[in-house]
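Residue numbers (the numbering used here), protein chains in the order written: chain A, 1 to 275; chain B, 276 to 520.
All C-beta atoms, glycine included, are put in the ideal place defined by N, C-alpha and C.
Structure first, then comments.
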């Protein structure tokens, strides 16, 4: 089977487009989160997504709209992590741990109430970008447009807040509003990323492209563009290899993200050694 | 119209009083030194003035406007004691950081400002790759690039070598005297107080002294508070510079 044949399938086209958009969104937001030491928020929100999906499945929402229906609960959880951290008495990792464990506990309890784990819930645990539906594709496009617009419009403010929150505040940046926007968008991104990589691997989409781009030691804007490029590249390579080798697409996307990181890290070490 | 007006400012942290009913004003063109022992609330005061912390009660005005309504932040250049959350992996170049918040990037202005702090050669380096002293110079350049009307420095020279420190203070003095820039400087360095600042605010959770340096040196109350020797040391340094304020 050649590349032309693979790309001729409508579901592959949908998967590539949705995957690329979601990966780009995750990478853009991931850079800010990693630098602010919120790397594991993806894990926390993914676990909450598990609980939220269990809620939506329990109340009998059509599988077609599960992603959409799970959003509000995950957004509330994201804000809860932010608020817990803002109190200054709870560190980011602990706040994520609290929300994460509650999400898992809710998921398990509700699954039990609905007669045990079912196939639908398991499909969200491991994700499958190849089954992305039209609603999710449209949602990905909307979210990408919103995130790109927010990053473009608030670039200077996001830069300042990521560099140093107190300094940003002294420059008149509305840090509270910006943080709420960032955490809400992260929630949306985590729910969408669940479709690409599954709940188990959501944080990889947020963390790995950012870490890979950071290895380049270039300026902030270039790092952001590079992270997006690595993320989209990993989606294309991952889906392609998954299709050809009949392997899970989500896992392959994450594997390619990790390969890019190792490659860039290795090349950088090589050049540093010769410097 | 004062550049800074503080009225009855009180701030508590976890129930512990850090500053209590502080009030003072800073007029335009003044070079003010804010001094006091460790834990006296100097940095907390600065953070309350800049809206970084929210006071329990009291009022702050900047350039005649209540802090809540103030929006001309380009008039203020601030250098914190240390960056609260600098991630050494932050991929910002020196040029990006110095120009942070500038509405329009200006290469000539950037170049002048970097040269002023003797870091013109570091423009493309990442902030995390620099020494602490170099980072401090970058942050000074950032505070100065907008040519602000009010400069607020919180222990600005702790990481600087003596030579750069002298350059820094000479620069602040020049900005203050020639361009009328108001300077509020939190410092432990009594020599600096005597040499550069015309006004002194002595804090120890509340205002112990607020006034001109001359008044401080002549004050019998302050002699009683500090002891004659300490007061004499500070005021003698002032005299020895011959700045005669």
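Using a Cβ-Cβ cut-off of less than 9 Å, list which residues of the segment 19-52 of chain A approach chain B; keep chain order.
31, 34, 35, 36, 37
I want to verify the contact list: residues of chain B whose CB lies under 8 Å from the CB of residue 160(A), in sequence order.
375, 376
Can you give the Cα-Cα distance for residue 148(A) and residue 82(A), rounded to whole angstroms?
22 Å
Please state whether the Cβ-Cβ distance between residue 284(B) and residue 321(B) is less than 8 Å.
no
Run of the alpha helix (DSSP H) containing residue 199(A), from where it starts to where it stops:
Premise fails: residue 199(A) is in no alpha helix (DSSP H) and is neither H nor E.
Three-way DSSP call (helix, strand, coil) for residue 363(B) in this model
coil
Between the Cα of residue 210(A) and the Cα atoms of 111(A), 15(A), 230(A), 20(A), which residue gives the shortest distance?
230(A)
Thinking C-beta only, is residue 107(A) closer than 8 Å to residue 198(A)?
no
Contacts around residue 32(A), its chain only, beta-carbon distance under 7 Å, and the 5 residues preceding and following it disregarded:
158, 162, 182
Residues of its chain near residue 498(B), where Cβ-Cβ distance is below 8 Å and the 5 sequence neighbours each way are ignored:
506
In the structure shown, what three-state DSSP assignment does residue 313(B) receive?
coil
Rounded to whole angstroms, what is the Cα-Cα separation between residue 27(A) and residue 77(A)?
20 Å
Counterpart residues of residue 459(B) in DSSP-defined beta bridges:
307(B), 427(B)
Exposed or buried, residue 313(B), counting other C-beta atoms within 10 Å across all chains shown (16 or more means buried)?
exposed
Interface flag, residue 454(B) vs chain A, CB-CB below 8 Å:
no
Residues of its chain near residue 451(B), where Cβ-Cβ distance is below 6 Å and the 5 sequence neighbours each way are ignored:
306, 458
So residue 281(B) is in the beta strand (DSSP E); what residue range does that whole segment cover?
279-288
Within its chain, find whatever has a CB closer than 6 Å to the CB of residue 295(B); leave out the 5 residues flanking it on each side and keep chain order.
285, 480, 481
Residue 362(B) versus chain A: which residues are under 9 Å apart at the beta carbon?
34, 35, 36, 37, 162, 163
Beta-carbon contacts of residue 22(A) that lie in its chain and below 6 Å, excluding the five residues immediately before and after:
140, 192, 193, 196
Under 6 Å Cβ to Cβ from residue 293(B), same chain only, skipping five residues before and after it: list those, please.
286, 316, 319
Residue 130(A) vs residue 249(A) beta-carbon contact at 8 Å
yes
Would residue 365(B) pass as an interface residue toward chain A - the criterion being a Cβ-Cβ separation below 8 Å?
yes
Whole angstroms are fine: how far does the CA of residue 395(B) sit from the CA of residue 85(A)?
38 Å
Which of the three DSSP states is assigned to residue 339(B) in this structure?
coil
Excluding the five sequence neighbours on either side, which residues of its own chain have a C-beta within less than 6 Å of the C-beta of residue 38(A), listed in chain order?
92
Taking its Cβ as the centre, do 16 or more other Cβ atoms sit within 10 Å of residue 297(B), making it buried, or is it exposed?
buried
Taking the continuous alpha helix (DSSP H) assigned at residue 488(B), which residues delimit it?
488-493
Return the first residue and the last residue of the alpha helix (DSSP H) that residue 376(B) is part of.
Note, residue 376(B): premise wrong, no alpha helix (DSSP H); not H, not E.
Near residue 29(A), which residues of its chain fall below 8 Å by C-beta distance, leaving aside the five closest residues on each side in sequence?
147, 182, 185, 186, 189, 206
Quick one, which residues of the segment 222-235 of chain A are near chain B if we go by CB-CB under 9 Å, in chain order?
222, 223, 224
With distances taken between CB atoms, is the gap from residue 212(A) to residue 270(A) smaller than 8 Å?
no
Under 8 Å, with one C-beta from each stretch per pair, do the segment 435-453 of chain B and the segment 369-384 of chain B reach the 3-pair mark?
no
Top-ranked residue by Cα proximity to residue 332(B), from 339(B), 338(B), 324(B):
324(B)
Quick one: residues in its chain with C-beta nearer than 7 Å to the C-beta of residue 204(A), no 5 flanking neighbours on either side, listed in chain order?
197, 254, 257
Given that a residue counts as buried once 16 or more other Cβ atoms are within 10 Å of its Cβ, and exposed if not, what is residue 368(B)?
buried
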